[in-house]
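There are 2 protein chains.
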Amino acid sequence: MPTVPPVNPAVDTVDVNALLERGRTLATPVLRAAVDRLVPPMDTVAAYHFGWIDAEGRPSDADGGKAVRPALALLSAEAAGAPAETGIPGAVAVELVHNFSLLHDDLMDGDEQRRHRDTVWKVHGPAQAILVGDALFALANELLLEIGTVEAGRATRRLTTATRKLIDGQAQDISYEHRERVTVQECLEMEGNKTGALLACAVSIGAVLGGADDRLADTLESYGHHLGLAFQAVDDLLGIWGDPEATGKQTWSDLRQRKKSLPVVAALDAGGPASKRLGELLAADAKSSDFENFSEEEFAARAELIEEAGGREWTSQEARRQHAVAIEALNGVELPEHVRAQLTALADFVVVRKR
Amino acid sequence: MPTVPPVNPAVDTVDVNALLERGRTLATPVLRAAVDRLVPPMDTVAAYHFGWIDAEGRPSDADGGKAVRPALALLSAEAAGAPAETGIPGAVAVELVHNFSLLHDDLMDGDEQRRHRDTVWKVHGPAQAILVGDALFALANELLLEIGTVEAGRATRRLTTATRKLIDGQAQDISYEHRERVTVQECLEMEGNKTGALLACAVSIGAVLGGADDRLADTLESYGHHLGLAFQAVDDLLGIWGDPEATGKQTWSDLRQRKKSLPVVAALDAGGPASKRLGELLAADAKSSDFENFSEEEFAARAELIEEAGGREWTSQEARRQHAVAIEALNGVELPEHVRAQLTALADFVVVRKR
């Protein structure tokens, strides 16, 4: 029997790991030089956060994350016909803003672990987590503005808009945790702010630095926004059913934090006996003084009900829907063929990843 | 006997309160509109911080601070020959950054009161203090960058540099609290970062928005930097000997926080019996488990030793020295005569204030 040829042969030949690796290789030295500008002890605390040193200050080579954003920022420059290198300051600025938000969010959410390591507030205290987060945010703007071009000014403006949305999204996320019901629409809006906006910025910032017009930049942002929503839907699935070995988080991580993530919200919205039972259980949990001591089995039972009510399947489909819209958005503009194939391959990677 | 005529009669006729009031009147509506952009509950939390509502959400008219920075930003525009109104976005951006730092610093320092009211983290929790601080910082950049001119880009760059220094200064301030000895030089460097940089930016940002060249902007920054050092020296005096009724802080506020402020550092550096005795006491305090329960008398005894060792007098003189350097800096450039008189009068106000 003949094998079926792939629909888009170019996509199948894209080496996504090489793309991610290129982003890391080009961005990391600039990121390290930026962090070196901080006065002690902020330089050390930031180096710990990025995994370059351990808690005792010894050189280390810890997992620095997937680095999807730097890879996108470099591709973004190529999308505008500029060399990938033109996107480097954009890649670094976006990484700085992303890590500013991780430092502050981990503290606000009380998360003790990230990427298999103790979080900064746990090792260096809350004040350093606040301060170094602030410093990374400021550094991001400094790095772009010191380029001094009109393009860099436009890039900074897009980054600032994205950062404002990121903060809005975190505010919504926190306020939803205290509410009994959140609609699917509210959840998608929050995730668009919290994850979509910065991914959208990553995919447009290189192009803007490379002199792209607003139409190309906006189209790339649209791709990035929907890619972000797909990314977050997958993250929400991993937050409940992810393998702790792969994610570096606790089992049932999002359930332990009462996160109103997509699977939960979709399950509560679905109706039917499992949905109703889930609603009763979560309402009781919200008042329970014993929640901190819940067993693995109790969380497993809640995850089971979410799945039974259809929340897991709905979220998987949502990831695929957003993935399709992202790819579709790219059809609106002329792009170098290899860039289109690489952006498509990165979108595929985002929805099949295990961590 | 004839009265001695004032050296600069114009200065004596400047109404500093009217200048401060103009800054408040022109900046506040734009500041409120900016804060209204935040998603709930951040808009409410920010409105509480600025004193526009009370902890229950009722309209209030609390003390919003001295508003020296907005007054300076408007004068700054006039220094470049532009209308005062040109400085408004700069005034608001600087106020946003200043208040971002207050929100985060109060949390990091554990300060429960500011301007006679409970601080944000105390009323709305640490997460909101972090989040709303972040949001104000982002809003500051947004407000400037959406103007979209080359001048606005230059203004944002100066604001970013100042913000980075502000964060450096807070990092130094925190790290000094854990050290036994800090030199006067280190203390001045920290205060230049923490207070000088943003005041310097306030005095240049209006001029930059009004099209000033770098020479005028740098001169205004120099005035602002030294004014900031004078301002902070006075703040350090008020932090120990200020009247709690006027300052809105606890008695011996900085001593309770083990702040290595100028009077303390100068006293420790002075040598002599009182200096030696102070050093021994503070070293013992650092190890004391009972420090939290110290009586008024114990703090008063430490303040007495600081004064005896000459720390209070040295700091008063330092305020006057920096005041003189600030005024002197203005001689390097052409300025409209009323602007020069007003900048001089504001400098005078800063060193004689009681709160």
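Chains as they are written, first to last, in the working numbering: chain A, 1 to 355; chain B, 1001 to 1355. Just so you know, even glycine gets a beta-carbon here, dropped at the ideal spot from N, CA and C.
Nearest neighbour of residue i, chosen from the options [CA to CA]
i, options, result
"C1187 (chain B)", "B:L1199, B:Q1170, B:S1261 and B:G1248", "B:S1261"
"L363 (chain A)", "A:D134, A:A91, A:A93 and A:A84", "There is simply no residue 363 (chain A) to check, as chain A begins at 1 and stops at 355 in what is shown."
"G211 (chain A)", "A:A155, A:E334 and A:G310", "A:A155"
"E296 (chain A)", "A:Q250, A:A79 and A:L159", "A:Q250"
"G51 (chain A)", "A:Q113, A:A303 and A:R312", "A:Q113"
"V1333 (chain B)", "B:A1080, B:A1202 and B:T1161", "B:A1080"
"G224 (chain A)", "A:A233, A:T195 and A:L209", "A:T195"
"R256 (chain A)", "A:T247, A:V265 and A:I240", "A:I240"
"A303 (chain A)", "A:E318, A:D290, A:V265 and A:N293", "A:V265"
"E1180 (chain B)", "B:A1284, B:A1034 and B:G1065", "B:A1284"
"V45 (chain A)", "A:L131, A:P70, A:A301 and A:G310", "A:L131"
"L209 (chain A)", "A:E189, A:V97 and A:V150", "A:V150"
"E357 (chain A)", "A:A82, A:G272, A:L26 and A:G242", "Only positions 1 to 355 of chain A appear in the structure, and residue 357 (chain A) is not among them; the question remains open."
"L346 (chain A)", "A:R69, A:D36 and A:G57", "A:R69"
"R58 (chain A)", "A:H124, A:F349, A:V182 and A:Y48", "A:Y48"
"A329 (chain A)", "A:E85, A:T344, A:A319 and A:I167", "A:T344"
"A1326 (chain B)", "B:H1116, B:L1238 and B:D1218", "B:D1218"
"E1095 (chain B)", "B:A1071, B:L1227 and B:P1336", "B:A1071"
"H1323 (chain B)", "B:V1097, B:V1339, B:A1073 and B:V1350", "B:V1350"
Residue i (DSSP reduced to helix, strand or coil)
i, result
"I1306 (chain B)", "helix"
"A230 (chain A)", "helix"
"I130 (chain A)", "helix"
"P6 (chain A)", "Low local confidence applies: a pLDDT of 44 at P6 (chain A) is under 50, so the model's placement there is unreliable, with the coordinate-based value given in what follows. In the structure shown, P6 (chain A) sits in coil (DSSP, three-state: anything other than H, G, I, E or B)."
"I147 (chain A)", "coil"
"R1154 (chain B)", "helix"
"R258 (chain A)", "coil"
"G1169 (chain B)", "helix"
"G90 (chain A)", "helix"
"G279 (chain A)", "helix"
"T1161 (chain B)", "helix"
"V1011 (chain B)", "helix"
Partners in chain A for residue i, counting only beta-carbon separations shorter than 9 Å
i, result
"E1142 (chain B)", "R157, T160, T161, T163 and R164"
"L1107 (chain B)", "P126, A127 and I130"
"L1188 (chain B)", "The contacting residues do not exist; L1188 (chain B) stays about 15 Å from chain A at best."
Interface residues of chain B facing residue i [CB-CB closer than 9 Å]
i, result
"Q185 (chain A)", "The premise fails here: Q185 (chain A) is roughly 15 Å from chain B at the closest Cβ pair, so nothing lies under 9 Å."
Residues that residue i bridges to, as DSSP identifies them
i, result
"D1118 (chain B)", "B:Q1113"
"I53 (chain A)", "A:P59"
Residues that residue i contacts on chain B, provided the C-beta gap is smaller than 8 Å
i, result
"H104 (chain A)", "I1130, L1131 and D1134"
"L145 (chain A)", "G1153, T1156, R1157 and T1160"
Under 7 Å from the C-beta of residue i: neighbouring residues of chain A
i, result
"Q1170 (chain B)", "L131"
"V1039 (chain B)", "D168, A171 and Q172"
Partners in chain B for residue i, counting only beta-carbon separations shorter than 7 Å
i, result
"I167 (chain A)", "L1131, D1134, A1135 and A1138"
Residue i: CB within 7 Å of a non-hydrogen atom of the ligand GTP
i, result
"D12 (chain A)", "The ligand GTP is absent from the structure shown, which contains no ligand whatsoever."
Beta-carbon neighbours of residue i, restricted to chain A and to distances below 8 Å
i, result
"S1175 (chain B)", "P40 and P41"
Complete beta strand (DSSP E) runs within the segment 286-355 of chain A (minimum length 3 residues, chain order): none
At which residue ranges does the segment 1055-1085 of chain B contain complete alpha helix (DSSP H) runs of 4 or more residues, listed in the order of the chain? 1068-1079
Whole runs of the alpha helix (DSSP H) within the segment 1013-1049 of chain B, excluding any shorter than 4 residues: 1016-1035 and 1042-1049
Ignoring anything shorter than 4 residues, give me the alpha helix (DSSP H) runs that lie fully in the segment 179-250 of chain A, in order along the chain. 184-191, 197-209, 214-241 and 244-247
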